[in-house]
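Student: Residue numbers (my numbering): 343 to 775. Each residue gets a CB set at the ideal place from its N, CA and C atoms; glycine is no exception.
(1) Determine the closest residue to residue 580 out of 649, 553 and 595, with distance taken between C-alpha atoms.
(2) Tell me which residue opens and which closes the beta strand (DSSP E) that residue 518 is part of.
(3) Between residue 503 and residue 593, how many whole angstroms is the CB-CB distance? I'm expecting something under 8 angstroms.
(4) Could you pull out every residue in the same chain whose Cβ sits closer than 8 angstroms to the Cβ of residue 483, ignoring the five residues on either side in sequence?
(5) Hey, residue 554 and residue 492: beta-carbon distance below 8 angstroms or not?
(6) Going by DSSP, what residue range makes up the alpha helix (DSSP H) through residue 376?
(7) Would residue 423 pass as a contact of residue 406 if the rule is Cβ separation under 8 angstroms?
(8) Considering only residues of the same chain and omitting the five flanking positions on each side of residue 499, which have a CB-CB separation below 8 angstroms?
(9) Can you tell which of 478, 523 and 562 has the C-alpha that lies nearest to the C-alpha of residue 430?
(10) Determine the direct distance from the alpha carbon of residue 432 to that of residue 522, and round the result to whole angstroms.
(11) Looking at the structure shown, is residue 533 part of a helix, part of a strand, or coil, going by DSSP?
(12) Taking DSSP as the reference, what is the three-state secondary structure of residue 455?
(13) Out of curiosity, what's the CA-to-CA distance linking residue 365 and residue 460?
(14) Quick one: what does DSSP say residue 753 is sitting in, helix, strand or coil?
(15) Measuring CA to CA, which of 569, 618 and 582 is closest to residue 609?
(16) Count the other CB atoms, across all protein chains shown, that sit within 10 Å of the CB of residue 614; report buried if there are 16 or more and exposed otherwise.
(17) From this set, 415, 375 and 456, which residue's C-alpha is nearest residue 438's C-alpha?
(18) If you follow the beta strand (DSSP E) that residue 654 is in, where does it begin and where does it stop?
(19) Using beta-carbon positions only, say whether residue 630 and residue 663 come within less than 8 angstroms of one another.
(20) Quick check on this structure: which residue in 627, 693, 469 and 639 has the alpha carbon closest to the alpha carbon of residue 647?
(21) What three-state label does DSSP hand residue 368 in the structure shown?
(22) What's the gap between the Cα of residue 370 and the Cα of residue 463?
(23) Classify residue 363: buried if its beta carbon has 16 or more other beta carbons within 10 angstroms, exposed otherwise.
(24) If you scan the stretch 565–608 from start to end, which runs of the beta strand (DSSP E) of 3 or more residues do you find wholly inside it?
(25) Of the residues 506, 518, 567 and 584, which one's Cα is nearest the Cα of residue 546?
(26) Exposed or buried, residue 731, counting other C-beta atoms within 10 Å across all chains shown (16 or more means buried)?
(27) Could you tell me the distance, in whole angstroms, from the CA atom of residue 409 to the CA atom of residue 446?
(28) Along the chain, which unbroken stretches of the beta strand (DSSP E) at least 3 residues long are found entirely within the stretch 414–449?
(29) Here's the rule: buried if 16 or more other CB atoms are within 10 angstroms of the residue's CB, otherwise exposed. What is residue 750?
(30) Express the C-alpha separation of residue 552 and residue 611 in angstroms, rounding to a whole number.
(31) For residue 529, which residues from the same chain have a beta carbon less than 6 angstroms from its beta carbon, with the 5 sequence-adjacent residues on both sides left out?
(32) If you follow the beta strand (DSSP E) that residue 506 is part of, which residue opens it and which one closes it?
(33) What are the partner residues of residue 614, as DSSP defines its beta bridges?
(34) Please go through the same chain and pick out, in chain order, the residues whose beta-carbon is closer than 6 angstroms to the beta-carbon of residue 411, but skip the five residues on each side of it.
(35) One question on the structure: do residue 754 and residue 761 come within less than 8 angstroms of each other, judged by their Cβ atoms?
(36) With DSSP collapsed to three states, give me the class of residue 697.
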């Protein structure tokens, strides 16, 4: 019986010893007491809700603290903490004062929902002093959340070399507000894009399908994304005609061949190579070729137009320059003669000449017949050269560029500049000399 009482008393004594630390923990200093140890006292603490954008929703909280100090001087670090979605942001203010001071801190909501606020005090060395819990507020942000937009300024049918611009619209007020600026990532362009490039000039981009994408994520976990898909087609070869002024005129009259674009594009940026009888005219990169200096004769004039993307097309035309009227005999003999048509003078050979010619032919035929004792194999006359046509009957251009002149004749051009014209009767190509 005595042993049971002793055991009970011993157990009670041990439990009392175990409760002593709990009692000491429960006697921890309050916030006011901690501040008082530093010679500080909170005279007033006020929380004001703010509707910054005046849309009827609370989007910010202003915290005002009035402190009094009995110390000769004070240097404090005051931090307003906001906890939302397990992320904490800080509004920090450092103050130095003597006697009494007012401290104002503003917390801007960065996301919609409940925000738990707390006010912490630290000394000038960053050592914690005390903490004031603040109410929980339901806030709707007025700060601009991350936004990324890619806009294309171009025509509906975009071709290489045409006006093309991509505008990048970006904004984020929340991340920079709390030092949580994020990173922008741009993909899909044929070259590197910097964050400072507000607009991108895509008029020089090569042809192809483009899938552009820009993403952004700030330190608060907020994201934004924009996609832009478009296609740049290869611009076709230039379409143009050649207008001739001076065809079949005499050499003392003006003469020029003019390029006239028919596809609506401007001649600027196009390389123009003029050829006369296959020979390149040096320094003639212009829309007009002056042919006044060409002597009398027939000429094939061709123009090759090349775009910046090395896409080319060729057109040609025939030009005839007639001898001038006021020429000396020597000049006239050195130039091709001009046909007078039905007015051309002819000389009669006479009946005697015709009879003599017939007699000679008859004697030659008789001699040939007499000498031919044995019949020889019949030789068929040549039917002409083999036609150079494809299976469908069209001219075989052998992959060379072709053009049709104003007279409806078909021409083809060799890499060296030589040209052939198509003989529709024999269906073969003839070299133009």
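Tutor: Judging by the given coordinates:
(1) If we check each option's Cα against that of residue 580, 649 comes out closest.
(2) Counting along the chain, residue 518 falls outside any beta strand (DSSP E), though it belongs to the alpha helix (DSSP H) covering 516–519.
(3) That belief does not hold up - the Cβ atoms of residue 503 and residue 593 are roughly 41 angstroms apart, past 8 angstroms.
(4) 401, 450, 451, 452, 453, 454 and 516
(5) yes
(6) 373–379
(7) Not in contact: residue 423 and residue 406 (Cβ atoms no closer than 8 angstroms).
(8) 575
(9) Sorting 478, 523 and 562 by C-alpha distance to the C-alpha of residue 430 places 562 at the top.
(10) 11 angstroms
(11) coil
(12) strand
(13) Low confidence applies to residue 365: its pLDDT is 41, below 50, so where it sits in the model is not reliable, and the reading given next is rough at best. Each residue's Cα considered, the two are about 27 angstroms apart.
(14) strand
(15) 582
(16) buried
(17) 415
(18) 654–664
(19) no
(20) 627
(21) Its pLDDT being 44, under 50, residue 368 is placed unreliably in this model, and the value from its coordinates should be taken loosely. DSSP places residue 368 in helix when its eight states are reduced to three.
(22) 17 angstroms
(23) Note that residue 363 scores 47 on pLDDT, short of 50, meaning its location in the model is unreliable; the coordinates nonetheless yield the value given after this. Around the C-beta of residue 363, fewer than 16 other C-beta atoms lie within 10 Å, and the residue is accordingly described as exposed.
(24) 565–574, 582–587 and 598–603
(25) 506
(26) exposed
(27) 11 angstroms
(28) 416–426 and 429–439
(29) exposed
(30) Pairing residue 611 with residue 552, the inter-Cα distance amounts to about 25 angstroms.
(31) Contacts found: 555.
(32) 506–513
(33) Looking at the DSSP assignment, residue 614 forms a beta bridge with 647.
(34) 381 and 382
(35) yes
(36) Looking at residue 697 - three-state DSSP - the assignment turns out to be helix.
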